[in-house]
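To convert, count from 1 in the sequence shown and add 12; that's the working numbering.
Virtual Cβ for every residue (Gly too), placed ideally from N, Cα, C.
Keep in mind it's a predicted model, so treat the numbers as computed, not measured.
What follows is one structure encoded as structure tokens, with my remarks underneath.
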Amino acid sequence: MNLPEIILFILFFTLTPLLGYQFVLSLLALNAKIQTRFESSIIRKFALIVPAHNEEKIIAKTIYSLSGLVYPKNAYNIYVIADNCSDNTASLARSLGVNVLERTSVTDKGKGYALRWAFDKIAAYNESYDAIIVVDADSLISGNYLEVMNSYLDKGSQVIQSSDLVLPEPGNWSVEATRIGFLLHNYVKPLGRKVLGFNMGLRGNGMCFASEVLKEVPWKAWSLTEDLEYGLILILHGIKIDFAPEATVLAQMPVEAKNAESQRSRWELGRFQIIKMYTRKFLSQAYKKRSASYFDVFIDLITPPFVNMMLLVMLLLSLVFGLWLLDIVGTLHLVLWALLATLGLAYFFIGMYVARADRDLYMSLIHLPLYILWKVKVYFKAYKKGKEENWIRTERDN
């Protein structure tokens, strides 16, 4: 066996378990049960928190969406957290009849700090809330949202993450490509994990916490991906995060790709922060507790985004084909890499079927090469910039 063959075998046996596990999750998702009835003898009271930093362009749509939920109006209150705002976010929210809490801090900037401040403020009020829900300021929420959360809490759930998806924008390559990624990562894989009884990670948008959880494990997540970090903290404390696919939040992504760069940069830099901070902890706990659920979290942390893995697999398949033509590697390598590429494509199309992807989403696949090039550019800019300490705001479209 020559050196190229040894390297290819190492890469193959590294990528195969990661892609294979995602394929298994997609198969499990095919058999997941989706509830249609949400009955409860208790009408719980909810506080809906909307962290907002200079969101005057979009906050009204989110407030209208939250105000129209199918749930008793006296059983939930909406709080907009105007965090370090220099625009009309606060006054606009007040004019729409919701509670507004204004926060200013020159040192503690970011969504994590705003959430902790808001949780403490609301806990000090006379209002007695059974649960707290966090919704991003750029989102539309399904009308059944509180009904679903109430039902899950009734069954004993303490922390619940709903389907966190993307508002369709047919014809826009960057939004539609992001929508595909959200469907696979935030719906299909969690649905497979739900069948196994594993944890769902927090996604930041559409999170529901029983009030006692925030008292037991106060929010102390300040990284660029504070939601993911707090979810890991909860899991390490033995608190399960359930997935509620029946309730959905749809986030509005920037239509202009240049405006999405800061958001994507924050996600990618934050992801690597979390990997460095928590992978060893979960691998250690998985071994000590002999826990498949903890090992699943470890695997999820080290698994690169699907498009990144498939790009690498296709590039390596092309390389192997060239080496095979030159008689440098054997036919076995060509067969193995072709099978791995097929496995990845099978996961993708099963996932699209499970998520009931619409025709526009399939049509957007023609723009995938453009999206990959854009993503490579974002990676390059992010790591050229280096470690980012402060929260990076997503520029809104005009």
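Here VAL82 is exposed, its C-beta having fewer than 16 other C-beta atoms within 10 Å. Where ARG115 is concerned, the enclosing beta strand (DSSP E) starts and stops at 111 to 115. The beta carbons of ASN96 and SER117 sit closer together than 8 Å. Contact annotation: the segment 368 to 384 touches the segment 177 to 188, with at least three C-beta pairs closer than 8 Å. The beta carbon of THR190 is closer than 6 Å to those of VAL178 and MET265 in its chain, skipping five residues each way along the sequence.
The DSSP-derived three-state label of PHE255 is strand. Taking C-beta separations shorter than 8 Å and ignoring five residues to either side along the sequence, LEU338 has no partners in its chain. At a Cβ-Cβ threshold of 8 Å, LEU348 and PHE35 do not count as neighbours. PHE50: not part of any alpha helix (DSSP H); DSSP gives it neither H nor E.
Ranking TYR125, LEU27 and THR28 by CA distance to the CA of TRP234 puts TYR125 first.
Cβ contact annotation for GLN297 (same chain, cutoff 6 Å, sequence separation greater than five): TYR306, in chain order.
According to the DSSP secondary-structure assignment, ALA263 is paired through a beta bridge with SER151 and VAL178. At least 8 Å separates the beta-carbon of ASN156 from that of GLU51. Here the C-alpha atom of TYR164 lies approximately 8 Å from the C-alpha atom of ALA256. When secondary structure is reduced to three states using DSSP, VAL319 falls in the helix class. In this model, HIS249 and GLU228 are separated by some 10 Å (Cα to Cα). Non-local C-beta neighbours of ARG276 in its own chain, meaning closer than 6 Å and more than five positions away in sequence, comprise VAL390, ordered along the chain.
Under the three-state reduction of DSSP, TYR88 is assigned to strand. Under DSSP, ASP95 shares a beta bridge with ARG115. Close CB contacts of ARG215 within its chain, under the 7 Å cut and outside five residues either way in sequence, are with GLN173, ASP176, ASN198 and ASP239 (chain order). Under the three-state reduction of DSSP, ALA367 is assigned to coil, being neither helix nor strand. Nearest to ALA59 by C-alpha distance, out of SER140, LYS270 and THR343, is SER140. DSSP places ILE172 within a strand segment (E or B) once states are collapsed to three. The straight-line gap separating the alpha-carbon atoms of GLN47 and LEU313 is approximately 29 Å. Annotation: the continuous beta strand (DSSP E) that includes MET219 extends over 219 to 222. For ARG205, the closest of ALA41, LEU20 and ARG368 by C-alpha to C-alpha distance is ALA41. About 6 Å separates the beta carbons of LEU236 and LEU281, which is inside the 8 Å limit, making them a contact pair. Collapsing the DSSP output to three states places PRO381 in a helix. The alpha-carbon of SER38 is positioned some 15 Å away from that of THR28. The segment 185 to 229 contains, as complete alpha helix (DSSP H) runs of 4+ residues, the segments 185 to 195, 201 to 208 and 223 to 228 (chain order).
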